[in-house]
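Residue numbers (our numbering): 2 to 218. Each residue gets a CB set at the ideal place from its N, CA and C atoms; glycine is no exception. Notes to accompany the following structure.
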Amino acid sequence: MPLSPEEPQIHESAQGPRVTPASGHPAPTPRPVPGPRPAAPPRPGGPGPLRPTPPAQRTPRESSAAKPEPSAPAATAATAVQSTPVSPAAASPQLQLIPASAEGALDAAEEAVDLLLDSGRPPGEILVVTTGEQHPWATHELSFGEAAYWAQHDAVDDVFYADAAALERATVRPVVVAAVNGGDVSTGLPLALTRAGTLLIVCGDPQTINAALGAGV
2 MPLSPEEPQI
12 HESAQGPRVT
22 PASGHPAPTP
32 RPVPGPRPAA
42 PPRPGGPGPL
52 RPTPPAQRTP
62 RESSAAKPEP
72 SAPAATAATA
82 VQSTPVSPAA
92 ASPQLQLIPA
102 SAEGALDAAE
112 EAVDLLLDSG
122 RPPGEILVVT
132 TGEQHPWATH
142 ELSFGEAAYW
152 AQHDAVDDVF
162 YADAAALERA
172 TVRPVVVAAV
182 NGGDVSTGLP
192 LALTRAGTLL
202 IVCGDPQTIN
212 AALGAGV
């Protein structure tokens, strides 16, 4: 049946409308291109505008096979974390000591967090406390204001870092990792204990820790 003027003929092989340049020559049919890649999801718990990547931000290791052999302190931390039974029904948190100097306490705490994440512990269940100098992540995030900093704490979807002086505002998390890196240990460690739901891992000098907690750890 002949086509009427109101019914333009459409060929099945057409790839969509073609654009004719001003010169009158038909433009070649554009090749199909892949669709846009999905944008990477924003960092959870980070309100406000995009920020530069904070230093030493904690993320789970992608592959335990790629992880180098642990040093002696790391091996001690591994044994300490993995050997401690954690019972959600416990009336008080389990206490675990990882011996370390004041200078090495933060590194020991980082190793303990890595092991917890590698074992499947959700990041939002971990609170890292420093009795002395703040963790670099906390210092970086506080530069954007306390409101944004504490909003990440309230989101409970990532490891949170705080110094002992701010613990009265922090809520309880199942695991607290405390780095005894100076400061008022006699006040900071008891506060860290009150914020631990099932497990408190303390990295520091054993005599200092025992004196602060008043118990053999």
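Checklist entry - Is the beta carbon of LEU118 sitting closer than 8 Å to the one on PRO207? => result Sequence index remark: in the sequence shown, residue 118 carries index 117 (1-based). Sequence index remark: in the sequence shown, residue 207 carries index 206 (1-based). Contact: no.
Next on the checklist: Just to confirm, is the Cβ distance from GLU134 to ARG174 under 8 Å?
Outcome noted: For this step, residue 134 is matched to residue 133 along the sequence shown. For this step, residue 174 is matched to residue 173 along the sequence shown. Result no, Cβ atoms of GLU134 and ARG174 do not sit closer than 8 Å.
Item to check | Residues sharing a beta bridge with ASP164, DSSP | outcome: Here residue 164 corresponds to residue number 163 of the sequence shown, with the count starting at 1. Bridge partners of ASP164: THR131.
Checklist entry - If you run the structure through DSSP and keep just helix, strand and coil, what is GLY183? => result On the sequence shown, position 182 is the one that residue 183 refers to. DSSP places GLY183 in coil when its eight states are reduced to three.
Next on the checklist: Using 8 Å as the threshold, is the C-beta distance between LEU201 and ALA179 below it?
Outcome noted: As a first step, residue 201 must be located in the sequence shown, where it is residue number 200. As a first step, residue 179 must be located in the sequence shown, where it is residue number 178. Cβ distance < 8 Å, so LEU201 and ALA179 count as in contact.
Checklist entry - On the three-pair Cβ rule with 8 Å, is the region 159-169 touching the region 186-193? => result yes
Item to check | Through-space distance from GLN153 to ASP108, alpha-carbon basis | outcome: By one-based count along the sequence shown, residue 108 stands at place 107. By one-based count along the sequence shown, residue 153 stands at place 152. About 23 Å.
Next on the checklist: Whole angstroms are fine: how far does the CA of ALA103 sit from the CA of GLY205?
Outcome noted: By 1-based counting over the sequence shown, the position of residue 205 is 204. By 1-based counting over the sequence shown, the position of residue 103 is 102. Approximately 6 Å between the Cα atoms of the pair.
Next on the checklist: If contacts are defined as beta-carbon pairs under 8 Å, then ALA171 and ARG196 qualify, I think. What distance do you get, rounded to the angstrom?
Outcome noted: In the sequence shown, counting from the first residue as 1, residue 171 sits at position 170. In the sequence shown, counting from the first residue as 1, residue 196 sits at position 195. About 6 Å separates the two Cβ atoms, so the contact holds.
Checklist entry - Do ALA193 and VAL114 have their C-beta atoms within less than 8 Å of each other? => result Position 192 of the sequence shown holds residue 193. Position 113 of the sequence shown holds residue 114. No, the Cβ-Cβ distance between ALA193 and VAL114 is not below 8 Å.
Checklist entry - Does the distance from the CB of PRO94 to the CB of THR199 come in under 8 Å? => result Position 93 of the sequence shown, counted from the first residue, corresponds to residue 94. Position 198 of the sequence shown, counted from the first residue, corresponds to residue 199. Yes, these two residues count as a Cβ contact at 8 Å.
Item to check | Other residues of its chain near SER182: CB distance less than 7 Å, five sequence neighbours each side excluded | outcome: Here residue 182 corresponds to residue number 181 of the sequence shown, with the count starting at 1. Residue identity check: residue 182 is Asn in the sequence provided, not Ser. Closer than 7 Å at the Cβ level, and outside the excluded window around ASN182, lie ALA103, ALA106, LEU107, THR131, THR132, GLY133 and GLU134.
Checklist entry - Given TYR221, which residues of its chain have a CB within under 6 Å of its CB, disregarding the five upstream and five downstream residues? => result With the chain covering 2 to 218 only, the question about residue 221 has no answer from this structure.
Next on the checklist: Which residue marks the beginning of the beta strand (DSSP E) containing THR199, and which one marks its end?
Outcome noted: Residue numbering aside, residue 199 sits at position 198 when the sequence shown is read from its first letter. Counting along the chain, the beta strand (DSSP E) containing THR199 begins and ends at 197-205.
Checklist entry - CA-CA distance, TYR162 and PRO123? => result Walking along the sequence shown from the start, residue 162 turns up at place 161. Walking along the sequence shown from the start, residue 123 turns up at place 122. Using only the alpha carbons, I get a separation of about 15 Å.
Next on the checklist: Could you tell me the alpha carbon to alpha carbon distance between VAL160 and ILE210, rounded to whole angstroms?
Outcome noted: For the purposes of this step, residue 160 is identified with residue 159 of the sequence shown, where counting begins at 1. For the purposes of this step, residue 210 is identified with residue 209 of the sequence shown, where counting begins at 1. Rounded to whole angstroms, VAL160 to ILE210 spans 23 Å at the Cα level.
Checklist entry - What do you reckon, are the CB atoms on VAL177 and LEU214 nearer than 8 Å? => result On the sequence shown, position 176 is the one that residue 177 refers to. On the sequence shown, position 213 is the one that residue 214 refers to. Their beta carbons are not under 8 Å apart, which means VAL177 does not touch LEU214 by this criterion.
Checklist entry - Would you report the Cα separation of TRP138 and ALA110, rounded to the nearest angstrom? => result The count along the sequence shown starts at 1 and reaches residue 138 at position 137. The count along the sequence shown starts at 1 and reaches residue 110 at position 109. Using only the alpha carbons, I get a separation of about 14 Å.
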